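As structure tokens, the structure follows; a few thoughts come after it.
Residue numbers (this note's numbering): 575 to 780.
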């Protein structure tokens with residue numbers, strides 16, 4: 575876990591705080607990545623009365639090291655290869671800071687597979703804003719009913735995509751027991767078959 579590695583790197587500074595307490599509080603404040611890390615570190619520094627390092631320095635350490643510990647979902651590259659061989663145009667929408675997110679995307683080795691990558695900071699809007707999804711579709715030159723969006727958040731990803739006329743696939747995540755989606759994805763290797771099934775449904779309904 576990245577925050578555990580940060581604790582180990584900065585042990586001389588934060589070592590008086592029990593590791594489990596530091597890590598668990600970070601995870602709680604982080605809310606599965608949906609709270610900006612600057613807010614997380616400000617709160618950590620305040621709660622633990624950390625004086626030998628600033629929240630800005632903790633944040634910069636996190637940003638600098640994060641890309642070195644990116645771990646992809648199983649079968650990510652294989653899935654992307656299949657989609658590109660089948661001539662799909664691929665886009666990515668991600669909430670976060672621009673360069674930070676791009677560094678992580680490059681670290682995973684997936685940048686070249688995507689025809690459009692939209693990062694919320696650079697776009698000035700973030701999921702679930704419908705304009706961000708519309709902008710991505712315009713970049714890819716496809717209509718909403720031709721688009722399928724895959725994400726792990728029920729509202730920011732699945733519902734937001736469905737609200738503008740796209741299909742929404744939920745990548746199963748332990749945070750939620752059930753999500754209303756057009757399809758549910760357990761493993762990325764299942765995606766090409768799911769897309770084929772959704773496309774057939776579209777044809778039959780026309």
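For glycine and all other residues, C-beta sits at the position ideal for the given N, C-alpha and C. As the structure is a prediction and not an experimental result, all values here were calculated from the model.
Asked, Found
"Would you please state the rounded distance, in angstroms, between the beta carbons of residue 706 and residue 697? I believe it to be under 8 Å.", "6 Å"
"Sorted by chain position, which residues of the same chain lie with C-beta nearer than 7 Å to residue 768's C-beta, five sequence neighbours on each side aside?", "743, 757, 759"
"Among 615, 625, 738, 617, which has the Cα closest to the Cα of residue 586?", "625"
"Give a yes or no on contact between the stretch 679-687 and the stretch 642-662, applying the rule of three or more CB pairs nearer than 8 Å.", "yes"
"Please report how far the alpha carbon of residue 668 lies from the alpha carbon of residue 676, in whole angstroms.", "10 Å"
"Under a three-way DSSP split, which group does residue 693 fall into?", "strand"
"Is it right to say residue 775 is buried, meaning 16 or more other beta carbons lie within 10 angstroms of its own, or is it exposed?", "exposed"
"Does residue 610 come out as helix, strand or coil in the three-state DSSP assignment?", "coil"
"In terms of residue numbering, what span does the alpha helix (DSSP H) encompassing residue 629 cover?", "629-640"
"Just to confirm, is the Cβ distance from residue 653 to residue 763 under 8 Å?", "yes"
"State the beta-bridge partners of residue 748 as determined by DSSP.", "According to DSSP, which records beta bridges pairwise, residue 748 is partnered with nothing at all."
"Could you give the distance in angstroms between the alpha-carbon of residue 628 and the alpha-carbon of residue 754?", "42 Å"
"May I ask which residues mark the beginning and end of the beta strand (DSSP E) holding residue 757?", "757-759"
"Quick check: what's the CA-CA separation for residue 733 versus residue 674?", "26 Å"
"Straight-line CA distance for residue 588 to residue 644?", "24 Å"
"Leaving out the 5 sequence neighbours to the left and right, which residues in its chain are closer than 8 Å to residue 704 when beta-carbon positions are compared?", "734, 737, 738"
"Measuring straight from C-alpha to C-alpha, what distance separates residue 714 and residue 648?", "26 Å"
"Determine the extent of the beta strand (DSSP E) in which residue 723 is found, giving its start and end residues.", "722-725"
"What's the gap between the Cα of residue 576 and the Cα of residue 699?", "27 Å"
"Give a single yes or no on whether residue 589 has its beta carbon closer than 7 Å to a heavy atom of the ligand HEM.", "Only the bare structure without any ligand can be found here, which leaves the ligand HEM out of the picture."
"Using DSSP with H/G/I as helix, E/B as strand and the rest coil, what is residue 740?", "coil"
"Out of 716, 591, 724, state which residue places its alpha-carbon closest to the alpha-carbon of residue 620.", "591"
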